[in-house]
Amino acid sequence: LRPPPRAPREPPTAAPGAGSSPGDAITAASSSSRRSEAKSGRTDLIFLIRFRHCCLLRNQRCVVAYLYDRLLRIRALRWEYGSVLPNAIQFHMSAEEVEWFNRYKKSLATYMRSVGGEEGLDLTQDIKPPKSLYIEVRCLKDYGEFEIDDGTTVLLKKNSQHFLPRWKCEQLIRQGVLEHVLL
55 LRPPPRAPRE PPTAAPGAGS SPGDAITAAS SSSRRSEAKS GRTDLIFLIR
105 FRHCCLLRNQ RCVVAYLYDR LLRIRALRWE YGSVLPNAIQ FHMSAEEVEW
155 FNRYKKSLAT YMRSVGGEEG LDLTQDIKPP KSLYIEVRCL KDYGEFEIDD
205 GTTVLLKKNS QHFLPRWKCE QLIRQGVLEH VLL
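Just so you know, we're using our numbering here: the sequence shown kicks off at 55 and counts up by one.
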């Protein structure tokens, strides 16, 4: 709703009988009645204006809460999937969200390099404390050679099973290359 238009200002008129015609007196009387109607109309609209303003503020709070929740979910994707998002998830994100994800990814990588010395510390590896240091995994795709810290290389072929260090396998499990075999 818009407030009613203001009544145009009229030049001051002389008092009736002071050289003015009776038509001037009628114009002055109708002008003053229009001003009083406009003033009373504005006070009636104050409630509607305040109500509309409160609705706009509520809608703004809802949008900000939605966007904040969406950013929290995008941040959780970095911890769940690693630095590369699957195309199916990235398809449902806007360009600004993908840009925010990339900036968060770079910021997290910078922090992990600064904490762990030369090699850095990968905070995304052990999100939950491991029950054992080695796990049995099944390869879901042909991946090729995979090198372990002791220099041993393992050939990861589809449907092959291996007993490997957990911390080396977690990233490949998140990417869908390996599957943890539960006994």
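Note that beta-carbon positions come from the ideal geometry of N, C-alpha and C, so glycine has one too. Predicted model only: the values in this text are computed from it and were never measured.
CA-to-CA distance, residue j to residue i, given in whole angstroms
i    : j    : result
E201 : E150 : 37 Å
H288 : L226 : The chain is shown only over 55 to 237; residue 288 falls outside these bounds and no answer can be derived.
S148 : L218 : 38 Å
K222 : D203 : 9 Å
F105 : L121 : 24 Å
I100 : L111 : 16 Å
N213 : V118 : 47 Å
L236 : E173 : 31 Å
I128 : H107 : 32 Å
I143 : E134 : 12 Å
Three-way DSSP call (helix, strand, coil) for residue i in this model
i    : result
V235 : coil
I189 : strand
L175 : coil
F145 : coil
L209 : strand
L218 : strand
P70  : Because the pLDDT at P70 is just 49, under 50, the model does not fix this residue reliably, and the point stays unresolved.
Residue environment, residue i, which counts as buried when at least 16 other CB atoms sit within 10 Å
i    : result
C193 : buried
F155 : buried
L126 : exposed
L102 : exposed
L139 : buried
W189 : Here the sequence assigns Ile to residue 189, which means Trp is not the residue at that position. Flag for I189 reads buried.
V191 : buried
Presumed contact (8 Å Cβ cut-off) between residue i and residue j, rounded CB distance
i    : j    : result
Y158 : R132 : 6 Å
T178 : G136 : 6 Å
L162 : V169 : Not confirmed; about 11 Å, so no contact.
Cβ pair residue i, residue j closer than 9 Å
i    : j    : result
L210 : E224 : no
R228 : L187 : no
V231 : K195 : yes
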